[in-house]
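Numbering (the working numbering), first residue to last: 191 to 304.
Think of the CB as a built atom: it goes at the ideal place given N, C-alpha and C, for glycine as much as any other residue.
Model, not experiment: these values are computed from the prediction.
First the structure, in the form of C-alpha cells, and then the observations on it.
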C-alpha cells in the first residue's frame, strides 16, 4: 500500500527557510515523478515543484529560484528546500505521486509570518 508522509512544516519569519520531507512506503520513489503542491486557505491546490525519475526538476514561476526539490534514493524521500520564504508561501504543502491513480500525503502546514 502506497503511503506518503510529509513533515518539516512550521512557523517561520519572512526571509527564512524550511525543508519539507516526503517519506514514502509501499513504493520506490525514484521510479516515478514526485510533485509538491500547496493549498492556501480559500484557494485551489496549486503545483509547486516536481522531480522526475531521471532527476529533471521543474518549478512554478512563483517559487523558481527560491525552492529546490531533491530526492534521496536511499531514504526513499523527496525534499523541498524552501528559502527566502514570503507570507504568500503560507499554505498546506502536499506531496503527490501517480501510480495508477493519485496518491497524496496528509500535508504539512507552512506559515510565514512575522
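Span of the beta strand (DSSP E) around residue 202: Going by DSSP, residue 202 is part of the beta strand (DSSP E) stretching over 200-202.
Same chain, Cβ closer than 6 angstroms to residue 267, five either side skipped, listed in chain order: Closer than 6 angstroms at the Cβ level, and outside the excluded window around residue 267, lie 211 and 213.
In the structure shown, what three-state DSSP assignment does residue 235 receive? Shown here, residue 235 sits in coil according to DSSP, grouped into three states, outside any helix or strand.
Meets three-Cβ-pair contact criterion under 8 angstroms: the stretch 296-304 and the stretch 247-264: No, the stretch 296-304 does not touch the stretch 247-264.
CA-CA distance, residue 240 and residue 272? About 14 angstroms.
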